[in-house]
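Novice:
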């Protein structure tokens, strides 16, 4: 059968990224406390395509993914997968992104009862001219309580759920669990799946005592990330579902510490 | 050209609904305060299909929709459209659903500054054996402040944005604006697009003074709907994005007053 | 601390359903070929609330869910969970819904290469006055190739991905795998995650030889479900992302075989 | 009342972007054929925040947006809005993004019947140190028919709906209509809302005669954009909902022609 993809292309246009997207796949990821964790990823895989090739071979991406069936998805597996794609597809660049729910066990602050809470985690690995680069991400929910509303109101203060997305490059392993704790420390209060009444009193008062604008969340997180020697680059995005508005407040900051 | 859809079908299976979905279309809808309002709808249109026909004629749905270009979308237009579909497609039942953002002008409670706020509105019209039936819906955002959190905490109370979906059947026109006001009255506080500091103080204190569980929102709304003689049937769904949890609380109630 | 939820309510409005929604949770589900499968569910849990109670106790839903940690999610676990909720929350009705990606191994038709493909599965269990009822659902992707386009065109035929949602009530176990096969048999061709060139030729020709309107998919599926003695009730919804239109075609059928 | 946002901040962290997001707002946009078009936008507005300010004033974004009520949203309005935000919020950078459905009238290729078809349009304006920059985007649906599937199969070829996102910077006005036509010319066939049977035959045969990989769509579009002197920068993203797979194929290319 003819290999149409292998035809020579005369349009003289190299393509940055060509591949597959929204591939759902069951994976096992590294977990600080339990060794591993089973979850379900949405996977994207692509390579650069030189101008002279008509097309890439899409089935080889899936073969490479199936080849990871028994791997624990983490830095080593992503490096191997991007190198495998460069080889199989004769490419100088390959990128793979895994996005998946990741669960941590949270202990309620007073009762101590444990429950599981999910966040959105991601790993993006890139191999360029043989060099591997990885960005690790989490998006976790927190509470933000408005400092202005607290200051000006005789009682109460509007508060709400906010989503904090944190992406980092690191020189030494920083666990998802640590990234989530950094995010939580920068907020008015963390979220929990299971709270008894004494716990609800605790987190309500904790949030009231720690008002935070979205600007404050970004800054407190930036201060901590600036001090953490393992982290060389970060990107923060905070989106707060304001409980007095029908729209969101947001703040974003990206910094490359190596460039300083 | 052969009309495949018109072939006789021998499988002996009548189909409840066949048609088109997710048709985006610019529409003009009735507006209490300004006469009309331009918006963009997602439209679904379907008919029942008797067992003996192989298929319906999908292009006729779009022709019928194009025929509404100059209509104001409301009860009369929906009745005409469903009847038109029954005729064009030789069907005993037709259903059309328009979902669209609808904007109301909100006046901030202290400063009086006006701004536009969007909600999700919908109109579902059905023609069955010549009889027309319509369900009118809104989904509006509100604030809920937790009565338990307020009661047990020394200061503050968790609160959050909640979405209230209200669908009604009516014997006499109830405007989207009225439905939104009913929803807002049943909540801890309404939302606004634009609030100055004096307004923010006002709504913060208003919410703190009016704590509401999702159960309370449903019940206060049900009491008002029960008393409104124009409304014969309703369905309420409240979903609150709890600011202490990473999941939502919800409550739902459906009631046919004619069946009492 | 005061139990606000336990206060007596005087509004005289019983609530159909009150509970939690969008709880993400790692689960293990039954798998025909491998015994079990790890996945991640979005869980909804609710109870009916008599008119005299101010509120339900939301934390007890999560406690009940945590109590299922070591259960395999299936009919027995759902029955136990709904009964547990009725007991813990003093309710006459409880409903739980688990939605989760479910993976099956597909073998390419010519090369025989295996790959994993995800579908959306769901289990909805209800306990009413002690009686348990369950609806099992899958939403699987298939290909539909238009019979009209094939008939009238000199070459080719438009085809596209369609989503088929099938919900059933059963008297005897029907596996997700069987439901997916029923869905695939009713379509122009099944989908695969991994196809080599000889496989692509096969499925292209298979689809061209088996044109199906959305109406045909519903009917072929209905004929098979009507003949299957294990199934007492079904609901089918087919949505086809037409490749010549920017909107979808759909067809739906619901039938209670017990009512005949 | 105290102005908490105006407090001095000592954390020494400047923030890239702080503002509001997901503000739904009715707008009027420029339309090549009809002068203007009413639609509904999702608006994002932000400014940079120097390290010494505690917070921005969120209500001023909405005031600025309300101030555009009577403007036609286009390059001039965006430039004015970003300058207004820099002034009102004492910022050196401001960014506003409007995303909205935009409708064009399509004429069926044989019957000539007209219908409206929606695409997703966007305008992103940035003011940095007084200099204005704008990116104009459309995301339009098209059909892609697989060259490999056509080549190797005895009959037929798999085809599907694909979404093509095109963002450009321009030195002279390029209408949304022109951008959509460029996208359509690079595909196997355009989409239509309304096609009669003779039209369906036409587009089926057109697509079969013009097979295109996602790589081909990117390249044909790039060739045309390279030749268009009005365009100085572009970004292309094609995502094809493969009808033989349950995942998507994609290709992406970004090029700054000024940098050559």
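Protein chains in written order, with our numbering: chain A, 21 to 280; chain B, 21 to 280; chain C, 21 to 280; chain D, 21 to 280. Think of the CB as a built atom: it goes at the ideal place given N, C-alpha and C, for glycine as much as any other residue. Since the structure is predicted, the reported quantities are computational estimates derived from the model, not experimental observations.
1. Along the beta strand (DSSP E) that carries residue 117 of chain D, what are the first and last residues, could you check?
2. Using 10 angstroms around the beta-carbon of residue 87 of chain A, count the other beta-carbons present and answer buried if the total reaches 16, otherwise exposed.
3. Run through the segment 208–245 of chain A for me and flag every whole alpha helix (DSSP H) of 4 or more residues, listed as ranges in chain order.
4. Which class does residue 33 of chain A belong to by DSSP, given the choice of helix, strand or coil?
5. Could you pull the start and end residues of the beta strand (DSSP E) that residue 164 of chain D belongs to?
6. One question on the structure: do residue 149 of chain D and residue 112 of chain D come within less than 8 Å of each other, judged by their Cβ atoms?
7. Could you name the residues of chain A that residue 121 of chain D contacts, counting a contact when the two beta carbons are closer than 7 Å?
8. Inspect the beta-carbon positions of residue 157 of chain D and residue 193 of chain D and report whether they are closer than 8 Å.
9. Please list, in chain order, the chain B residues whose beta carbon lies closer than 7 Å to that of residue 83 of chain D.
10. Who pairs with residue 65 of chain C in a beta bridge, going by DSSP?
11. So, does the CB of residue 108 of chain C fall closer than 8 Å to a CB anywhere in chain A?
12. Going by DSSP, what residues sit across from residue 54 of chain B in a beta bridge?
13. Please confirm if residue 282 of chain A has its CB atom under 8 Å from at least one CB of chain B.
14. Can you tell me whether residue 96 of chain A is buried or exposed? The criterion is at least 16 other CB atoms within 10 Å of its CB, across all chains shown.
15. In chain order, what residues of the same chain have a beta carbon less than 7 Å from the beta carbon of residue 214 of chain B, not counting five sequence neighbours either side?
16. For the segment 98–106 of chain A against the segment 157–176 of chain A, do three or more pairs of beta-carbon atoms, one drawn from each stretch, fall closer than 8 Å, so that the two count as touching?
17. How about residue 62 of chain C and residue 42 of chain C: do their beta carbons lie closer than 8 Å?
18. Can the beta-carbon of residue 145 of chain A be found closer than 8 Å to that of residue 99 of chain A?
19. Going by alpha carbons, who is nearest to residue 59 of chain A out of C:64, C:123 and C:176?
20. Comparing C-alpha positions only, which one of B:141, B:73 and B:199 sits nearest to residue 26 of chain B?
21. Examine chain A for any beta-carbon lying closer than 8 Å to the beta-carbon of residue 125 of chain B, and answer yes or no.
22. Do you know whose CA, among D:271, D:110 and D:278, lies nearest residue 232 of chain D's CA?
23. With residue 221 of chain C and residue 172 of chain D assumed to form a contact (beta carbons below 8 Å), what rounded beta-carbon distance in angstroms separates them?
24. Just grab the DSSP bridge partners of residue 134 of chain A for me.
25. Closest by CA to residue 160 of chain C, which one among C:175, C:196 and C:57?
26. Given residue 152 of chain D, which residues of its chain have a CB within under 6 Å of its CB, disregarding the five upstream and five downstream residues?
27. Mind checking whether the beta-carbon of residue 199 of chain C lies closer than 7 Å to any heavy atom of the ligand GTP?
28. Give me the Cα-Cα distance between residue 225 of chain B and residue 177 of chain A, rounded to the nearest whole angstrom.
29. Residue 258 of chain A lies in the beta strand (DSSP E); which residues open and close that run?
30. Under 8 Å, Cβ to Cβ, is there at least one residue of chain D near residue 222 of chain B?
31. Would the beta-carbon of residue 263 of chain C fall within 8 Å of that of residue 240 of chain C?
32. Using a Cβ-Cβ distance cut-off of 8 Å, determine whether residue 211 of chain D contacts chain C.
33. Does any residue of chain D have a CB that is nearer than 8 Å to the CB of residue 271 of chain A?
34. Under 8 Å, do residue 209 of chain C and residue 259 of chain C count as touching if we go by C-beta distance?
35. Please name the residue or residues paired with residue 103 of chain B in a DSSP beta bridge.
36. If the cut is a Cβ gap below 8 Å, which residues of chain B does residue 259 of chain C touch?
Specialist: Concretely, from the data shown:
1. Within the fourth chain, the letter at position 97 stands for residue 117 of chain D. Segment 113–127, the beta strand (DSSP E) holding residue 117 of chain D.
2. Mapped onto the first chain, residue 87 of chain A falls at position 67. That one is exposed.
3. 217–229
4. Within the first chain, the letter at position 13 stands for residue 33 of chain A. Looking at residue 33 of chain A - three-state DSSP - the assignment turns out to be coil, as it is neither helix nor strand.
5. Stepping through the fourth chain from its first residue, residue 164 of chain D is reached at position 144. Its beta strand (DSSP E) spans residues 151–165.
6. As a first step, residue 149 of chain D is located in the fourth chain; it is residue number 129 there, counting from the start. As a first step, residue 112 of chain D is located in the fourth chain; it is residue number 92 there, counting from the start. Yes; because the gap between Cβ atoms is below 8 Å, this pair is in contact.
7. Mapped onto the fourth chain, residue 121 of chain D falls at position 101. Simply none; closest approach about 19 Å.
8. Sequence index remark: in the fourth chain, residue 157 of chain D carries index 137 (1-based). Sequence index remark: in the fourth chain, residue 193 of chain D carries index 173 (1-based). No, these two residues do not count as a Cβ contact at 8 Å.
9. Locating residue 83 of chain D in the fourth chain gives position 63, where the first residue counts as 1. Neighbours of residue 83 of chain D on chain B, chain order: 214.
10. Counting from one through the third chain, the residue named residue 65 of chain C turns up at place 45. In the DSSP output, where bridge partners are listed per residue, residue 65 of chain C has C:40 and C:116.
11. As a working mapping, residue 108 of chain C is identified with position 88 in the third chain. Not one chain A Cβ lies under 8 Å of residue 108 of chain C.
12. By one-based count along the second chain, residue 54 of chain B stands at place 34. Its beta-bridge partners do not exist; DSSP assigns none.
13. Absent from the structure is residue 282 of chain A, since the part of chain A shown begins at 21 and ends at 280.
14. Along the first chain, read from residue 1 onward, the residue named residue 96 of chain A stands at position 76. Answer is exposed; the Cβ neighbour count stays below 16.
15. Here residue 214 of chain B is taken as the residue at index 194 of the second chain, counted from 1. Once the five neighbours on either side are set aside, the close Cβ partners of residue 214 of chain B are 128, 133 and 135.
16. no
17. Numbered from its first residue, the third chain carries residue 62 of chain C at position 42. Numbered from its first residue, the third chain carries residue 42 of chain C at position 22. Contact flag set, yes.
18. Here residue 145 of chain A refers to the residue found at position 125 of the first chain. Here residue 99 of chain A refers to the residue found at position 79 of the first chain. Against a cut-off of 8 Å, the Cβ pair of residue 99 of chain A and residue 145 of chain A comes out as a contact.
19. Indexing the first chain from 1 puts residue 59 of chain A at position 39. Comparing Cα positions, the closest option is C:123.
20. Stepping through the second chain from its first residue, residue 26 of chain B is reached at position 6. It is B:73.
21. The count along the second chain starts at 1 and reaches residue 125 of chain B at position 105. Taking Cβ atoms only, chain A never reaches closer than 8 Å to residue 125 of chain B, which makes this a no.
22. On the fourth chain, residue 232 of chain D is found 212 positions in, with the first residue counted as 1. Closest option to residue 232 of chain D, Cα to Cα, is D:271.
23. Numbered from its first residue, the third chain carries residue 221 of chain C at position 201. Numbered from its first residue, the fourth chain carries residue 172 of chain D at position 152. With 8 Å as the limit, residue 221 of chain C and residue 172 of chain D qualify as a contact, their Cβ atoms being about 5 Å apart.
24. By 1-based counting over the first chain, the position of residue 134 of chain A is 114. Note: residue 134 of chain A sits in a beta bridge opposite A:127.
25. Here residue 160 of chain C refers to the residue found at position 140 of the third chain. Here the closest residue by C-alpha is C:196.
26. Here the question's residue 152 of chain D lines up with position 132 in the fourth chain. Closer than 6 Å at the Cβ level, and outside the excluded window around residue 152 of chain D, lie 99.
27. Ligands displayed in this structure: none; no statement on the ligand GTP is therefore possible.
28. Reading the second chain from its first residue, position 205 is the one you call residue 225 of chain B. Reading the first chain from its first residue, position 157 is the one you call residue 177 of chain A. Near 8 Å, if we compare the C-alpha coordinates of residue 177 of chain A and residue 225 of chain B.
29. What you label residue 258 of chain A is simply residue 238 of the first chain in a count that begins at 1. Unbroken beta strand (DSSP E) run through residue 258 of chain A: 251–260.
30. Taking the second chain and counting its residues from 1, one reaches residue 222 of chain B at position 202. With 8 Å as the cut-off, residue 222 of chain B does not count as an interface residue toward chain D.
31. Your numbering for residue 263 of chain C matches position 243 in the third chain. Your numbering for residue 240 of chain C matches position 220 in the third chain. Result no, Cβ atoms of residue 263 of chain C and residue 240 of chain C do not sit closer than 8 Å.
32. Taking the fourth chain and counting its residues from 1, one reaches residue 211 of chain D at position 191. Yes, its Cβ sits closer than 8 Å to a Cβ of chain C.
33. To locate residue 271 of chain A, count along the first chain from 1; it is residue 251. True, the Cβ-Cβ gap to chain D drops below 8 Å.
34. Here residue 209 of chain C refers to the residue found at position 189 when the third chain is read from its first residue. Here residue 259 of chain C refers to the residue found at position 239 when the third chain is read from its first residue. Not in contact: residue 209 of chain C and residue 259 of chain C (Cβ atoms no closer than 8 Å).
35. Along the second chain, read from residue 1 onward, the residue named residue 103 of chain B stands at position 83. Looking at the DSSP assignment, residue 103 of chain B forms no beta bridge with any residue, so it has no partner.
36. Within the third chain, residue 259 of chain C is the residue found at index 239, counting from 1. Correct list: 41.
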